[in-house]
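Residue numbers (the numbering used here), protein chains in the order written: chain Z, 1352 to 1548; chain U, 1352 to 1548.
We put the CB at the ideal spot given by N, CA and C, even for glycine.
Before any comments, here is the structure.
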């Protein structure tokens, strides 16, 4: 999907950009919760950091480690659901969509390189730690300090980017009166309607 | 499951109680994200308010409306996943478990009555609004004011309580060094181990 100038953005994207601006003083306004479905069919949920939109689409970008459970889960089942609550403006965006994992093997190198370069050294260092979720390793004492390897210009192979492509967005405003808007992507266009909160 | 005094609580429950205390100055510390799986197998995710633990178990209680989509989803598939991030103490609890929906038809009336009584009039009023998620109803103008019916002492039939019974808890502390603990319920006991963050 190619996006046009701001006047042609779907309503939910304009609303979400506005929420990001209105809540930018809150350091946690760029955190959202990403749910996926594990191999046994039960859901998983975790907090992730929003790393911006892909330059030429409405895809929401987050970073991951290919040793993390969510990486395996998403390769098995790409369906995801985001819950993103903005506490200052008291509004919630719920996104249902599909995730594509950009690894060192596929054609999304430019995202990986760009997002890697933007990371702090402390964030980069985590990709050189022992495998996340594995039994505590003696080597994990290194997690308290920055690893030399974190200063590499190129991302390590285990650094991945997850691009969430939205199919529907449910925007609830906890104003008085409350308002709620549902948007849907039919494969060609976005449509939106207001629904009961 | 019957729980004992605080000295016999599993580690995750003590840690979660401590997080609630340490973050209580943050009005949003009692909000978490609840993921479920819809009938088509894809995940859904939304922000809900923690209403406390059930008196005699580790079940986490939230309220719902039986006209809401999550109610239908949970009756179809009870598997849920909670992501609960505490921004002041910088720690996350991820709970995987099963949800039981307490309606007016089953034997959990005491929870329903207790939680209903604790709600504000504004929160009660929402249960008398038009069906959530349905196309905007002209009647929904009443959402801006409190409905007379909200002052009833007994909960309306559409007021439900969701009790999430945890099976595993993943506790990540974003301290320096980061620490991460996984707890698991085997049907009789909780076990816990520290894992790589």
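Contact list for residue 1451 (chain Z) against chain U, beta-carbon separation under 8 Å | Walking along the first chain from the start, residue 1451 (chain Z) turns up at place 100. Neighbours of residue 1451 (chain Z) on chain U: none; closest Cβ ~15 Å, over 8 Å.
Proximal residues of chain U, C-beta to C-beta of residue 1474 (chain Z) below 8 Å | Sequence index remark: in the first chain, residue 1474 (chain Z) carries index 123 (1-based). Those do not exist, as residue 1474 (chain Z) stays about 11 Å from chain U at its closest Cβ, beyond 8 Å.
Identify the contact partners of residue 1545 (chain U) in chain Z, using a Cβ-Cβ distance below 7 Å as the criterion.
-> Taking the first residue of the second chain as position 1, residue 1545 (chain U) is located at position 194. By Cβ distance, chain Z contributes 1487.
Tell me whether the beta-carbon of residue 1515 (chain U) lies closer than 9 Å to the beta-carbon of residue 1444 (chain U).
-> Taking the first residue of the second chain as position 1, residue 1515 (chain U) is located at position 164. Taking the first residue of the second chain as position 1, residue 1444 (chain U) is located at position 93. The answer is no: Cβ separation not under 9 Å.
Interface flag, residue 1370 (chain Z) vs chain B, CB-CB below 9 Å = The chain inventory of the structure shown lacks chain B, comprising the protein chains Z and U.
Sorted by chain position, which residues of the same chain lie with C-beta nearer than 8 Å to residue 1464 (chain Z)'s C-beta, five sequence neighbours on each side aside?
-> As a position in the first chain, residue 1464 (chain Z) is number 113, starting the count at 1. 1505 and 1506, listed in sequence order.
Starting from residue 1396 (chain Z), find everything on chain U with Cβ-Cβ shorter than 7 Å and list it in chain order.
-> As a working note, residue 1396 (chain Z) is residue 45 in the first chain. Correct list: 1384, 1386, 1396, 1432, 1433, 1434 and 1445.
In whole angstroms, what separates the C-alpha of residue 1536 (chain U) from that of residue 1403 (chain U)?
-> Position 185 of the second chain, counted from the start, is the residue given in the question as residue 1536 (chain U). Position 52 of the second chain, counted from the start, is the residue given in the question as residue 1403 (chain U). Roughly 20 Å between the two C-alpha positions.
Could you give the distance in angstroms between the alpha-carbon of residue 1511 (chain U) and the alpha-carbon of residue 1420 (chain U)?
-> As a working note, residue 1511 (chain U) is residue 160 in the second chain. As a working note, residue 1420 (chain U) is residue 69 in the second chain. About 13 Å.
Put residue 1409 (chain U) into one of helix, strand or coil per three-state DSSP.
-> Here residue 1409 (chain U) refers to the residue found at position 58 of the second chain. If DSSP states are grouped into helix, strand and coil, residue 1409 (chain U) belongs with coil.
Is there a Cβ from chain U that is less than 9 Å from the Cβ of residue 1531 (chain Z)?
-> As a first step, residue 1531 (chain Z) must be located in the first chain, where it is residue number 180. Yes, because at least one Cβ of chain U sits closer than 9 Å to the Cβ of residue 1531 (chain Z).
Under 8 Å by beta carbon: chain Z residues contacting residue 1480 (chain U) | Within the second chain, the letter at position 129 stands for residue 1480 (chain U). Neighbours of residue 1480 (chain U) on chain Z, chain order: 1547 and 1548.
Can you check DSSP and say which residues form a bridge with residue 1590 (chain U)?
-> This structure does not reach residue 1590 (chain U), given that chain U is present from 1352 up to 1548, and the question cannot be answered.
C-alpha gap between residue 1433 (chain Z) and residue 1468 (chain U), whole angstroms = Locating residue 1433 (chain Z) in the first chain gives position 82, counting from the first residue. Locating residue 1468 (chain U) in the second chain gives position 117, counting from the first residue. Answer to the nearest angstrom: the Cα atoms are 32 Å apart.
Expected contact under 8 Å - CB spacing of residue 1380 (chain Z) and residue 1425 (chain Z) to nearest Å | Here the question's residue 1380 (chain Z) lines up with position 29 in the first chain. Here the question's residue 1425 (chain Z) lines up with position 74 in the first chain. Rounded, the Cβ-Cβ distance is 24 Å, inconsistent with contact.
Under the three-state reduction of DSSP, which class applies to residue 1535 (chain U): helix, strand or coil?
-> Here residue 1535 (chain U) corresponds to residue number 184 of the second chain, with the count starting at 1. Residue 1535 (chain U): strand per DSSP, three-state reduction.
Per-residue DSSP class, three states only, for residue 1385 (chain U) | In the second chain, counting from the first residue as 1, residue 1385 (chain U) sits at position 34. Residue 1385 (chain U) falls in the strand class under three-state DSSP.
Assign residue 1495 (chain U) to one of two classes, buried (16 or more other C-beta atoms within 10 Å of its C-beta) or exposed (fewer than that).
-> Translated into positions along the second chain, residue 1495 (chain U) becomes position 144. Low confidence applies here, because residue 1495 (chain U) scores a pLDDT of 49, under 50, leaving its location unreliable; read the following figure in that light. Residue 1495 (chain U) comes out exposed.
Using a threshold of 9 Å, state whether the C-beta atoms of residue 1454 (chain U) and residue 1508 (chain U) are closer than that.
-> For the purposes of this step, residue 1454 (chain U) is identified with residue 103 of the second chain, where counting begins at 1. For the purposes of this step, residue 1508 (chain U) is identified with residue 157 of the second chain, where counting begins at 1. Yes; because the gap between Cβ atoms is below 9 Å, this pair is in contact.
Over what stretch of residues does the beta strand (DSSP E) that includes residue 1453 (chain U) continue unbroken?
-> Position 102 of the second chain, counting from 1, holds the residue named residue 1453 (chain U). Start and end: 1442 to 1453.
Look at the alpha carbon of residue 1471 (chain U) and the alpha carbon of residue 1401 (chain Z), and state the distance between them as a whole number of angstroms.
-> Position 120 of the second chain, counted from the start, is the residue given in the question as residue 1471 (chain U). Position 50 of the first chain, counted from the start, is the residue given in the question as residue 1401 (chain Z). When rounded, the distance between both Cα atoms is 34 Å.
Residue 1524 (chain U) at chain Z interface by Cβ criterion, 9 Å | What you label residue 1524 (chain U) is simply residue 173 of the second chain in a count that begins at 1. No, no contact with chain Z.
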